[in-house]
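Below is one structure, written out as structure tokens, with a few remarks after it.
Numbering (my numbering), first residue to last: 39 to 340.
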């Protein structure tokens, strides 16, 4: 995203770059470690000092996005950027980080923009959901095959391939990715919505697919009284004993890196069904709850 609402898209396309701001006004050339966690440790306090009303969650998102653009993206990577008019421009990153003091989006990378425009309506629903993230940067590598068809460098291959060793059923994993979008859209009508809100900043939900050093948290929520943080893990075809470990890992990260001193951390696993392995695991982890979701399908004659 080239500025809020793609405000600087035209300038970036014309100037051959992508960039970010976040009001961290210094050259980062000597401050870009290989691991983003180190970067966040140094710059989250810098961000919070300049934005005293912001939360640690927002600071983590901002610094993580800044590191990704400045360091995490590699030369040769393909990037998609919305043009603000319903389409996306595509380009290849061609250079390392550089800083333009006083310019819009001063933390920059060189990009060779292709003569390719992708209409949002032409994308699959899954790619639209991934590129429609409200964050500054999202990883859309899972949609490489589809993106390559737009670039006409590879034929479409309608095959689902699982690269995660703990995914039991790749087809179920792909289908159930819609669960997250549906849950977020209908959060207030769920049991969890009665006591928790998806973490927001400036009226925007920033708690969906929150990137951490432990992996992406499906949903990060906060209690109505701001005293409890909730890590929500959606079980999409994964083995039940693995998902408990994932939830605990994310909860540990949130407790260590995000939660304030007076905030506790809880977990919730949402799945289509449970099994004995899951029950055994949860029996000794009282701060993780399990919720089963139901899918109902109805035909209405008109």
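Ideal placement from N, C-alpha and C gives every residue a C-beta, glycine not left out.
Best match in 119, 123, 124, 150 for proximity to residue 134 [C-alpha to C-alpha]: The residue you call residue 134 lines up with position 96 of the chain shown. Checking every option, the nearest Cα to that of residue 134 belongs to 150.
Spatial distance of residue 128 from residue 112 (CA atoms): Numbered from its first residue, the chain shown carries residue 128 at position 90. Numbered from its first residue, the chain shown carries residue 112 at position 74. Roughly 15 Å between the two C-alpha positions.
Beta-carbon spacing of residue 271, residue 296 below 7 Å: Mapped onto the chain shown, residue 271 falls at position 233. Mapped onto the chain shown, residue 296 falls at position 258. No. Outside cutoff.
Residue 322 versus residue 315: straight-line alpha-carbon distance, rounded: For the purposes of this step, residue 322 is taken as the residue at position 284 of the chain shown. For the purposes of this step, residue 315 is taken as the residue at position 277 of the chain shown. Taking the straight line from one Cα to the other gives about 12 Å.
Cβ-based burial, residue 124 [other Cβ within 10 Å; buried from 16]: Taking the first residue of the chain shown as 1, we reach residue 124 at position 86. It counts as exposed.
Contacting residues, own chain, Cβ-Cβ under 6 Å from residue 115 (five flanking each side not counted): The sequence position of residue 115 within the chain shown is 77, counting from 1. Within the same chain, residue 115 has close Cβ partners 131.
Spatial neighbours of residue 265 in its chain, beta-carbon cut-off 8 Å, leaving aside the 5 residues before and after: Taking the first residue of the chain shown as position 1, residue 265 is located at position 227. 300, 301, 302, listed in sequence order.
Residues bridged to residue 57 [DSSP beta-bridge criterion]: Within the chain shown, residue 57 is the residue found at index 19, counting from 1. According to DSSP, residue 57 bridges with 146.
Rounded straight-line distance, which links the Cα of residue 94 to that of residue 104: Counted from its first residue, the chain shown places residue 104 at position 66. Counted from its first residue, the chain shown places residue 94 at position 56. The straight-line gap from Cα to Cα measures roughly 15 Å.
Length of the line joining the Cα atoms of residue 81 and residue 254: Here residue 81 refers to the residue found at position 43 when the chain shown is read from its first residue. Here residue 254 refers to the residue found at position 216 when the chain shown is read from its first residue. The alpha-carbon atoms of residue 81 and residue 254 are separated by roughly 20 Å.
Closer than 6 Å: residue 244 CB and nearest the ligand COA heavy atom: Annotation note on the ligand COA: not contained in the displayed structure, which lists no ligands.
Backbone CA spacing between residue 109 and residue 339 [nearest angstrom]: Sequence index remark: in the chain shown, residue 109 carries index 71 (1-based). Sequence index remark: in the chain shown, residue 339 carries index 301 (1-based). Answer to the nearest angstrom: the Cα atoms are 55 Å apart.
Residue 53 versus residue 236 - alpha carbon distance: For the purposes of this step, residue 53 is identified with residue 15 of the chain shown, where counting begins at 1. For the purposes of this step, residue 236 is identified with residue 198 of the chain shown, where counting begins at 1. If you take the alpha carbons of residue 53 and residue 236, they lie about 37 Å apart.
Touch test, the region 171 to 187 against the region 137 to 154, Cβ-Cβ under 8 Å, three pairs minimum: no
Completely contained beta strand (DSSP E) runs for the region 57 to 143, where each covers 3 or more residues: 116 to 120, 125 to 137
6 Å Cβ shell around residue 57 - same chain, five flanking residues per side excluded: The residue labelled residue 57 in the question sits at position 19 within the chain shown. Hits under 6 Å: 143, 145, 146.
Selection from 118, 88, 66, 101 that minimises the alpha carbon distance to residue 40: Working through the chain shown from its first residue, we reach residue 40 at position 2. Of the candidates 118, 88, 66, 101, the one whose C-alpha sits nearest the C-alpha of residue 40 is 118.
Nonlocal neighbours in the same chain, by C-beta distance under 7 Å from residue 332, ignoring five residues either side: Start at 1 with the first residue of the chain shown, and residue 332 comes out as number 294. Answer for residue 332: no residue qualifies.
Cut-off 6 Å between Cβ atoms - residues of its own chain near residue 67, not counting five sequence neighbours on either side: Along the chain shown, read from residue 1 onward, the residue named residue 67 stands at position 29. Nothing listed; no residue qualifies.
Own chain residues within Cβ distance below 7 Å of residue 311, not counting five before or after: Counting from one through the chain shown, the residue named residue 311 turns up at place 273. 330.
Euclidean distance between Cα positions of residue 273 and residue 148: Numbered from its first residue, the chain shown carries residue 273 at position 235. Numbered from its first residue, the chain shown carries residue 148 at position 110. Using only the alpha carbons, I get a separation of about 39 Å.
Straight-line Cα distance separating residue 51 from residue 260: Start at 1 with the first residue of the chain shown, and residue 260 comes out as number 222. Start at 1 with the first residue of the chain shown, and residue 51 comes out as number 13. Those two C-alpha atoms are separated by around 38 Å.
Same chain, Cβ closer than 7 Å to residue 293, five either side skipped, listed in chain order: In the chain shown, the residue the question calls residue 293 occupies position 255. The residues are 303.
Other residues of its chain near residue 203: CB distance less than 6 Å, five sequence neighbours each side excluded: By one-based count along the chain shown, residue 203 stands at place 165. In this prediction, residue 203 has a pLDDT of 47, which is less than 50 and means its spatial position is unreliable; what the coordinates show is noted afterwards. Result list for residue 203: empty, nothing under 6 Å.
Close-in-space but distant-in-sequence residues of the same chain around residue 61 (CB under 6 Å, 5 per side omitted): Taking the chain shown and counting its residues from 1, the one referred to as residue 61 is at position 23. Closer than 6 Å at the Cβ level, and outside the excluded window around residue 61, lie 88.
Simplified DSSP state of residue 321, which is helix, strand or coil: The residue labelled residue 321 in the question sits at position 283 within the chain shown. If DSSP states are grouped into helix, strand and coil, residue 321 belongs with the helices.
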